[in-house]
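Structure first, commentary second.
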Amino acid sequence: MEPVTDYGHGISAVDACYVRPLLDAVHLVVEGDRAAIVDTGTNASVAGVLAALAAKGIRPAQVDYVILTHVHLDHAGGAGVFMQRCPNATLTVHPRGARHMADPSKLVAGTVGVYGEEKTREMYGEVVPVPAARILETPDGAAIRLNGRELSFHETFGHARHHVAIRDARSGHVFGGDTFGLSYPELDWQGRKFAFATSSPVQFEPAPYHGSIDRIAGLAREAVYVTHYGQVRDLDARAATLHRQVDALAALALAVKDEGPRRRELLWAGVKDLLLDEVERYGAPFTEHQVMAAYGQDVDLNADGLIAWLDAAAQ
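With this note's numbering, the residue at position 225 of the sequence shown is 225, and numbering never jumps.
This is the structure in structure tokens:
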């Protein structure tokens with residue numbers, strides 16, 4: 001069975017088996033004999049997540065909800081297969097993401113644009129549509145009940161315009177998706193979680209990003225669960241770090257916006273420098289090799305996302 005981390009309050013993280021161990025988390029919420037799956041990973045996640053639920057005494061028919069923070073394929077690519085395996089589940093998603101779950105063709109095409117067709121197929125396999133009748137749109141202020149346990153939805157744009165955070169009323173904790181930063185376990189140090197903001201393609205927007213960081217920190221009591229990876233605390237300090245990083249990423253992009261074909265190279269180098277600077281600020285003894293082994297893919301994606309932001313602003 002894939003690694004499972006239990007945090008109390010019926011909340012767990014399961015390794016999504018995406019790219020490398022402990023890169024991508026699927027979160028579970030168990031309330032009595034019912035469960036919700038928060039973000040799905042890819043099709044490769046399904047067996048491990050269902051095994052983790054079985055170990056908790058939960059059968060697929062007892063999964064009431066498959067909940068998406070947003071529809072990027074590393075977090076929603078497995079939704080269709082989960083819905084096939086969990087016959088009583090309803091899929092929740094922001095209204096802007098609902099059509100992409102019912103017909104994922106444009107979502108797949110956008111991912112092909114980032115990774116290429118061969119790599120996309122290798123990483124995600126066949127992305128299965130979800131029947132529209134089983135999709136519940138969850139705009140800002142919506143709420144559901146899992147066996148009486150309220151989960152409320154809050155728009156948190158800046159990473160994606162279809163992103164929501166989910167607040168669990170029982171624990172006061174929040175599922176923050178990608179908007180509350182990345183925290184790969186390889187860079188944990190002395191009980192602290194490293195934080196790095198994401199500007200990955202294609203809807204990085206600094207102003208709403210700042211508002212969403214504050215919203216998640218204000219909604220949460222003690223803890224937030226991030227898709228990369230698991231539970232984070234020290235929320236005020238983390239929010240301050242993310243605000244500084246979002247400003248730094250935007251300033252970097254604006255500084256090179258007129259550099260033409262050199263923009264990609266300059267942005268990659270600049271994001272890498274920002275990342276290494278954050279590790280130095282963090283006071284951890286990790287080498288550049290260790291840092292890039294954990295975050296190298298995100299340096300690439302952040303650079304690409306900043307180009308997409310500049311290009312959108314120029315139109």
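Backbone N, C-alpha and C fix where the C-beta goes; we use that ideal spot for every residue, glycine too.
Because the structure is a prediction, the values reported are computed rather than measured.
*Which partner residues of TRP189 appear in the DSSP bridge assignment?*
ARG192
*State buried or exposed for THR111, treating a residue as buried only when at least 16 other CB atoms are found within 10 Å of its CB.*
buried
*Note down the Cα distance separating PRO319 from ALA13, rounded to an integer number of angstroms.*
Lying outside 1 to 315, the shown extent of the chain, residue 319 is not represented and no answer is given.
_In this structure, how does DSSP classify VAL4 when only helix, strand and coil are distinguished?_
strand
*State the CB to CB distance for the pair TYR18 and ASP103, rounded to an integer number of angstroms; the pair is presumed to be in contact (CB under 8 Å).*
Contact flag wrong, Cβ pair sits at about 23 Å.
*Is the CB-CB distance between VAL164 and HIS94 below 8 Å?*
yes
*Are the CB atoms of ALA109 and LEU187 nearer to each other than 8 Å?*
no
*Give the single residue among SER212, PHE204, TYR282, SER183 whose Cα lies nearest to the Cα of ASN302.*
PHE204
*asked:* Quick check: GLY230 and LEU252, are their CB atoms within less than 8 Å of each other?
replied: no
*Hey, out of TRP309, GLY125, ALA98, whose CA is closest to VAL77's CA?*
The question names Val, but residue 77 in the sequence shown is Gly. It is GLY125.
*So, helix, strand or coil for ILE307, using DSSP?*
helix
*Cβ contact check for the stretch 112-121 and the stretch 21-35: 3 or more pairs under 8 Å*: no
*Would ALA223 be called buried (16 or more neighbouring beta carbons within 10 Å of its own) or exposed?*
buried
*Candidates LEU53, GLY48, LEU68, VAL63: which alpha carbon is nearest THR227's?*
LEU68
*By a C-beta neighbour count over all protein chains shown, 10 Å radius and 16 as the cutoff for buried, is GLU288 buried or exposed?*
exposed
_Minimum length 4: unbroken alpha helix (DSSP H) runs contained in the stretch 90-116_ = 95-102, 105-115
_Tell me the DSSP secondary structure of ASP33 in three-state form._
coil
*asked:* Distance check for GLN315 and ALA98, CA to CA, integer angstroms please.
replied: 27 Å
*Thinking C-beta only, is ILE216 closer than 8 Å to ARG263?*
no
_Residue span of the beta strand (DSSP E) that contains HIS154, given as start and end_ = 149-155
*For LEU136, is the classification buried or exposed, using 16 other Cβ atoms within 10 angstroms of its Cβ as the cut-off for buried?*
exposed
*Which word fits SER105, buried or exposed, when buried means at least 16 other C-beta atoms lie within 10 angstroms of its C-beta?*
exposed
_Using the three-state DSSP reduction, which class does ARG262 fall into: helix, strand or coil?_
helix
*Could you tell me the distance, in whole angstroms, from the CA atom of ASP300 to the CA atom of GLY148?*
43 Å
*asked:* Using CA atoms only, rank isn't needed, just tell me which of LEU219, ARG96, VAL63 is closest to THR90.
replied: VAL63
*Determine the closest residue to PRO129 out of THR156, MET83, HIS159, with distance taken between C-alpha atoms.*
MET83
*How would you write the range of the alpha helix (DSSP H) that TYR316 sits in, first residue to last?*
Past the boundaries of the shown model lies residue 316; the chain is included only from 1 to 315, so the question cannot be answered.
*Under the assumption that TYR225 contacts GLY176 (Cβ atoms under 8 Å), give the Cβ distance between them as a whole number of angstroms.*
6 Å
*Cβ pair ILE58, VAL38 closer than 8 Å*: no
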